[in-house]
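The block underneath contains the structure these notes are about, expressed in structure tokens.
Residue numbers (this note's numbering): 76 to 836.
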């Protein structure tokens, strides 16, 4: 039976323990093959064989007190897990690659991004069934914390505690009962959640530990402490919710960059329409100072565009006709007309958000280890607490009250909340931080492996270089350079060949006149000829010029020298006589040298693998100071990556995601380079949206920082527990400090993880 995949929006999760409870409960439903839950994105993906009753899955989640709603268009056949899907796209044509958005079906991109706004719709689920069961609020925490369900419960519990103190002071006789009532205000919802979690397969939940400790405290006449501990627990949960909400907001704030309306051109008139209604192919007008409301291509106008909101580039970029623009960027100084190339649910920002959300659902190896650890750790804590509570009284006739109290304190110290959240909080913050800078990583495992990379293998064309030839030399024989360029451009008018475009672009930027030509004729395999103002012009390849006997030995030597530098040469003949040479080469990106230097200083080696001829490869590699292999077919690149791995390197392969597919799949990490085209984003493990070579080093640095952050978090969580375990057994600290230690550790770990959102890389 074919596997299907259904995605849900889940409201009310705020820590990894929530995700684990949902995961455990849903896995028990018949027919479910796999479940992945993302706390930060508030989503759950369920892979099932089609026999599962989706209503049962939803009931399980709402039974735990969370809200759940299917995401529109999410029941798609599941893809083979972990495989790369290169064959989905046949993008052989490199030139068309940049505009690959058009006409795409965007499989997998049709999830309803409008669901971000459906928090209110989510409320209805579950609350009707078991109102108040889960103290969590049913949506990513939006608005003031005190208006959330969790906030209201915390305030109510605090008020009940204050009233109990006041009543106890005025009428000491009923003080114990007042504190029991105050405790029950907060404990009843917690206990109900504990029972539901136990029935769903999570007997040792944090709520269960809390309930046992509070009830035990009442039994040994520590009702005052029990009520305070419940209140402190609710405060801790509330703080976790606020912190999780902050991390979630940082991802969702990306969607806020796109304006809500657009100026649509319709029969010569412009009218304002909602941005989400724009269809592919529509023409929109963007005024100076306006945010661009859709991904598209400029069809008229030239302006400086501030891309900082999307790319992080500090200086505006000048863009003219045929340039690609992104939704959310700001138009500078002129009116632009833009043809829309992607629908709202599929623009660059929407895809980034979706990728980050999906990435958070794929757990990192460290996170899996922590999950397994806490599965044994929590029951272990219960056993230790039980031994401390009953051991000394039974074996050494110790006072029951004192040792049961210590056992309950150990139970609270043992709550694994801070430990379990230590990894996902850091990974979520890091994925979000990277996405804001155009560094997309598909999940925690990718993020973790990136920091271990010791060798980066780069493709040349379009990765280390711009991907299109540029005129590097104009050599004239008897004419001025401008005259040579002007005549060459005359012959290349109307051609879309990359070398022709290089000449036309240079003529345009140099401002040389390009008069119309007559009798233009293409000479297949040789060049082009035509007539202008009485002159017969030919622009030929060197072999074709030699055939005509137009080149002297000296001119031939000049051509050979240019070829040795990896440049392609065209020869201009006027009336059969050589008048000049135009040399072109695909030049390195502006930041390629600095980007490679950053990798070197981080102790990472780099190598260039290219299908280009060895002369060109050697010339580019020489300019950049990098090892290289040339004249490589895709399978050769794959073979080299395999050899590097056998030599003990952790290999990242950087390419454009199309002709590098086999090598990207063979590498430990495949990184796609470029403007966020579908094929690049779907095939690789990570993507550098803005095509900067330096971003590869930034990605590796971000990964290393994240792993350091996770180590700090685990140290904080276990360190605090160890200290309080010793002081509790020694009788120095009691129940209050125990719950403060647990809450404090959770809050410290979350705050430490959120620091990753602010880093400048």
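Glycine residues also receive a C-beta, built at the ideal position from the N, C-alpha and C atoms.
Sequence-distant partners of residue 370 (beyond 5 residues in either direction) whose C-beta falls short of 6 Å from its own C-beta, in its chain, are 401, 402, 416, 417, 422, 423. Taking the Cα positions, residue 629 is about 26 Å away from residue 692. Under the 8 Å Cβ criterion, the stretch 790-805 does not count as touching the stretch 761-768, having fewer than three qualifying pairs. Under the three-state reduction of DSSP output, residue 652 falls in the strand class. Residue pairing by DSSP places residue 614 opposite 603, 647 in a beta bridge.
Collapsing the DSSP output to three states places residue 629 in a helix. The beta carbon of residue 131 sits closer than 6 Å to the beta carbons of 104 from its chain, once the five residues preceding and following it are set aside; these are given in chain order. In this structure residue 243 is buried. Its beta-carbon is surrounded by 16 or more other beta-carbon atoms within 10 angstroms. In the structure shown, the three-state DSSP call for residue 83 is strand. Relative to residue 106, the option among 273, 396, 78, 511 whose CA is nearest is 78.
Excluding residues up to 5 positions away in sequence, 769 lie with their Cβ nearer than 7 Å to the Cβ of residue 669 in the same chain. One thing to note: residue 612 has its Cβ no nearer than 7 Å to the Cβ of residue 539. For residue 533, the enclosing beta strand (DSSP E) begins and ends at 530-534. Put simply, the stretch 256-270 touches the stretch 286-294. At least three CB pairs are less than 8 Å apart. In this structure, residue 353 lies away from residue 379, with their beta-carbon atoms at least 7 Å apart. The secondary-structure analysis by DSSP pairs residue 120 across a beta bridge with 82, 111. Residue 471 is classed as exposed because its beta carbon has fewer than 16 other beta carbons within 10 Å across all chains shown. Our two residues, residue 307 and residue 254, have alpha carbons roughly 14 Å apart in a direct line. By the neighbour-count definition (other C-beta atoms within 10 Å, threshold 16), residue 476 is an exposed residue. The secondary-structure analysis by DSSP pairs residue 406 across a beta bridge with 380. Apart from sequence neighbours up to five positions away, the residues of its chain that approach residue 345 with a beta-carbon distance below 6 Å are 338, 360, ordered along the chain. For residue 713, the three-state secondary structure derived from DSSP is helix. Per DSSP, residue 799 is one residue of the alpha helix (DSSP H) stretching across 769-804. Setting aside the 5 residues that flank it on each side, residue 478 is surrounded in the same chain by 463, 464, 465, 466, 467, 468, each with a C-beta closer than 8 Å to its C-beta; the list follows chain order.
With respect to the 7 Å criterion, residue 658 and residue 644 are classified as neighbours on the basis of their beta carbons.
Rounded to whole angstroms, the gap between the alpha carbons of residue 745 and residue 782 is 20 Å. Counting the other CB atoms within 10 Å of its CB gives residue 382 a total of 16 or more, which places it among the buried residues.
Assignment of residue 375 by DSSP, reduced to helix, strand and coil, places it in the strand class. Residue 136 has its alpha-carbon roughly 16 Å from the corresponding atom of residue 123. The C-alpha of residue 617 lies about 56 Å from the C-alpha of residue 831.
Straight through space, the alpha carbons of residue 302 and residue 801 are spaced by roughly 24 Å. For residue 347, the enclosing beta strand (DSSP E) stretches over residues 344-349. Sequence-distant partners of residue 363 (beyond 5 residues in either direction) whose C-beta falls short of 8 Å from its own C-beta, in its chain, are 378, 406, 407, 408, 409, 410. Assignment of residue 593 by DSSP, reduced to helix, strand and coil, places it in the strand class. Inter-residue distance for residue 245 and residue 457 is about 38 Å (C-alpha atoms, whole angstroms). In this structure, the CA atom of residue 594 is about 15 Å from the CA atom of residue 564.
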